[in-house]
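Everything below concerns the one structure shown next.
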Amino acid sequence: MSESTLSLSYPHFANATSRFLGYGADYTALSAADLAIVDECVQTGLRQFYFPPPIGGNVHEWSFMKPTATLLTWADNALLSSGSITGADYDSPTTTITVSGAAPFTSAMAGTASILITDEGTFAIASYTSSTVVDVTGDASAASSDTYSLELVTGVYDSSETVNATTLTAAGGTPFYPSMVGKSIVVTDIGTFIITGYTSTTVITVSGDATATTKPFSVAGDGDFRLPDDFGGIEGPLTFTQAEGYPEIPIRSSQEIRSLRQRSVASGRPYLAAIQVGSADGTDGQRFDLKLYPTPDGEYNLTYEYNALKNRLTPAAPFPLGGMAYGDVIKESCLAEAELKEEDGPGVHAQAFAIKLATAISFDKQAMSPDHLPYNHDKSTTPRRIRRSENVLVTVGGVNY
Numbered sequence: 006m007s008e009s010t011l012s013l014s015y016p017h018f019a020n021a022t023s024r025f026l027g028y029g030a031d032y033t034a035l036s037a038a039d040l041a042i043v044d045e046c047v048q049t050g051l052r053q054f055y056f057p058p059p060i061g062g063n064v065h066e067w068s069f070m071k072p073t074a075t076l077l078t079w080a081d082n083a084l085l086s087s088g089s090i091t092g093a094d095y096d097s098p099t100t101t102i103t104v105s106g107a108a109p110f111t112s113a114m115a116g117t118a119s120i121l122i123t124d125e126g127t128f129a130i131a132s133y134t135s136s137t138v139v140d141v142t143g144d145a146s147a148a149s150s151d152t153y154s155l156e157l158v159t160g161v162y163d164s165s166e167t168v169n170a171t172t173l174t175a176a177g178g179t180p181f182y183p184s185m186v187g188k189s190i191v192v193t194d195i196g197t198f199i200i201t202g203y204t205s206t207t208v209i210t211v212s213g214d215a216t217a218t219t220k221p222f223s224v225a226g227d228g229d230f231r232l233p234d235d236f237g238g239i240e241g242p243l244t245f246t247q248a249e250g251y252p253e254i255p256i257r258s259s260q261e262i263r264s265l266r267q268r269s270v271a272s273g274r275p276y277l278a279a280i281q282v283g284s285a286d287g288t289d290g291q292r293f294d295l296k297l298y299p300t301p302d303g304e305y306n307l308t309y310e311y312n313a314l315k316n317r318l319t320p321a322a323p324f325p326l327g328g329m330a331y332g333d334v335i336k337e338s339c340l341a342e343a344e345l346k347e348e349d350g351p352g353v354h355a356q357a358f359a360i361k362l363a364t365a366i367s368f369d370k371q372a373m374s375p376d377h378l379p380y381n382h383d384k385s386t387t388p389r390r391i392r393r394s395e396n397v398l399v400t401v402g403g404v405n406y
C-alpha cells in the first residue's frame, strides 16, 4: 500500500523551516551552511516530537514507537558437529563418508558445506545420502578411523584503517544469530575475536585480523543476548510462540539474574529476564543486552514490545513515525525550533506546537486504548500456597514486582 498523499515528510519540514528562516521555500537550493541550519531544526524538532515535554506533569509515550520484535535464543554454539568416521570408501572422484554417534548431515549441505577430517584436510560435501552418510569430493579413504568437524568458517580481512575487521563466512548450516553481536568467537588455530556485526545466518564481522580458511569455531552461550541497535527500553513481559506454549517471562532486575546465576549454574527453558545496560566509551552508541535465567538450552522464540530509538530523517528516508495524522504537529515542532533559533525565545509556533501536541496525544491515547481491560485474576479470597515456580507477579505503575 502506498503512503497517504496527505502525509508530510522531510522535504515538507525542510521547506517550511527554510521559508521561516528567510532562506526561500526550496531547501534543495540552499548553500551547505544554510542547509545545515535547516536540517538541525528539522532533526531537533523531530526529537522534540518523539520525546515530547510533559503536559500536566505527565510524559506521553507514543504507541507507534513501541514495535514488537522476536529474539531467537541459542545455546552454547558452535552448532559445531564433530565425531568419529566409521567408513571412508573412495570411488573416484568421490569418497563416501559414514559417521557414528550424532546425525550431523542435512541435504542442504550438498554443494555448500565442507567437512574437516583430522590429519587429512578439508573436503567439500558433494552429495547427501542420509543424516550419517555423505559423499565428499576427492580421495579421503585414509579417514576411516579419523574424527571430523563441521561448521567451518573462512575469514577475509579488511586491513584499512577505517575497517580493521574480518568477515567470517560459515560453510554448512546457519550458525549465526543477530544476538551474537558482542560475543567472543574462537576460531581454531587463529584466536579469539569479538563479533561486531551480523549480516546473515552464515556471515558475521569480527574485530581484527581473523584470516582463516575452513577452520572450526565455537561461540559460547552465557544467557546474555544483544538487543536491536534501536532498543530503548522494554514494555511488559516476553512471550513464547503459541506452538511453544510456555508461560510468559517477566522482567526483573539484572541484579536478581546475576544472583541466581551465582547460586546455580543452570540451563533449560528460561523463565526470568532482565535488561542489562552495556558499557560505552563514546566511540559508539550504548547498547543493551537481554539476560535470561536459566541459560537457554536451545532455540526459543521470545517476542517482546520495546521503545524504539529512531534514526534522523533524510531525503532518502523522509517519513517520520506515526503516519499522516502527526505531520502537522511535527512541522510545528520544527518551526518552533527554528523560531527559538531565530528569535531567541518561544513564539507563535511554540504555542501552536503545544496545542497540536495535546491534540495528537489525545488522538494517540484513543486510537490505541483497548476496548476493555483483561479479567483481574484475583484469588485473594481463596487462600493458597504460591509455589516459587509459578512466577506470580504484581504490577504497580507498570513495574513488575
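Position one of the sequence shown corresponds to residue 6 (this note's numbering), numbered consecutively onward. Where is the CB? At the ideal position from N, CA and C, for every residue including glycine.
Span separating the alpha-carbon of residue i from that of residue j
i: V186; j: T308; result: 19 Å
i: V168; j: V192; result: 20 Å
i: E45; j: K71; result: 25 Å
i: V270; j: S132; result: 41 Å
i: S136; j: T179; result: 16 Å
i: S477; j: R292; result: No information on residue 477 is available, as it lies outside the stretch 6 to 406 that the chain covers here.
i: T142; j: L326; result: 53 Å
i: T33; j: K346; result: 21 Å
i: R231; j: I199; result: 13 Å
i: D124; j: G228; result: 35 Å
i: M114; j: I130; result: 7 Å
i: A118; j: S165; result: 30 Å
i: T78; j: G303; result: 7 Å
i: P58; j: V64; result: 7 Å
i: G50; j: T288; result: 25 Å
i: V43; j: G61; result: 31 Å
i: E344; j: V282; result: 37 Å
i: F18; j: S205; result: 36 Å
i: D234; j: A321; result: 20 Å
i: D94; j: V138; result: 11 Å
i: G92; j: T134; result: 14 Å
i: G407; j: F69; result: Residue coverage of the chain in this structure runs from 6 to 406, which leaves residue 407 outside it and unanswerable.
i: Q356; j: G160; result: 58 Å
i: T73; j: P351; result: 37 Å
i: F236; j: I90; result: 46 Å
i: K370; j: F358; result: 18 Å
i: Q53; j: I262; result: 35 Å
i: M250; j: Q267; result: Sequence inspection shows Gly at residue 250; the Met mentioned does not correspond to that position. The alpha-carbon atoms of G250 and Q267 are separated by roughly 29 Å.
i: A248; j: I190; result: 32 Å
i: A365; j: Y55; result: 12 Å
i: A30; j: E348; result: 19 Å
i: P16; j: I360; result: 23 Å
Cutoff 7 Å; reference residue i; Cβ partners in own chain excluding five residues on either side
i: L340; result: A21, T22, F25, H354
i: A330; result: F368
i: S184; result: L76, F230, R231
i: D39; result: Y28
i: S194; result: Contrary to the premise, residue 194 reads as Asp rather than Ser in this sequence. Around D194: K220.
i: G238; result: Y311, N312
Close beta carbons around residue i, own chain, < 8 Å, minus the five adjacent residues each side
i: Q48; result: R317, L318
i: E240; result: K71, Y309, E310, Y311, N312
i: S385; result: With a pLDDT of only 48 at S385, under 50, the local geometry of the prediction cannot be trusted, and no value is derived from it.
i: E66; result: N312
i: M373; result: S68
Sub-8 Å separation of residue i and residue j beta-carbons
i: N306; j: T246; result: yes
i: I254; j: L243; result: yes
i: P252; j: P275; result: no
i: S259; j: A279; result: yes
i: S14; j: P323; result: yes
i: V334; j: L314; result: no
i: T201; j: S212; result: yes
i: T207; j: T127; result: no
i: I102; j: A147; result: no
i: T158; j: K188; result: Residue 158 is actually Val in this sequence, not Thr. Not closer than 8 Å, so no.
i: L121; j: P221; result: yes
i: G290; j: S12; result: no
Residue-chain proximity (residue i, chain D), Cβ-Cβ < 8 Å
i: T207; result: In the displayed structure, chain D is absent; only one protein chain is listed.
Residues near residue i by beta carbon distance below 6 Å, same chain, minus five either side
i: Y162; result: T171, D214, T216
i: L277; result: R257, Y298
i: I209; result: L173, F181, I200, Y203
i: S97; result: none
Distance between beta carbons of residue j and residue i, contact taken as under 8 Å
i: T100; j: D140; result: 7 Å
i: G226; j: S9; result: 45 Å between Cβ atoms; not a contact.
Any non-hydrogen atom of the ligand ADP closer than 7 Å to residue i Cβ
i: A176; result: Summarising the ligand content, the structure contains no ligands, and the ligand ADP is consequently not present.
Does the count of Cβ pairs from the segment 333–352 and the segment 108–121 closer than 8 Å reach three? Contact between the segment 333–352 and the segment 108–121 is absent, because fewer than three Cβ pairs lie under 8 Å.
Three or more beta-carbon pairs under 8 Å between the segment 170–180 and the segment 142–153, yes or no? no
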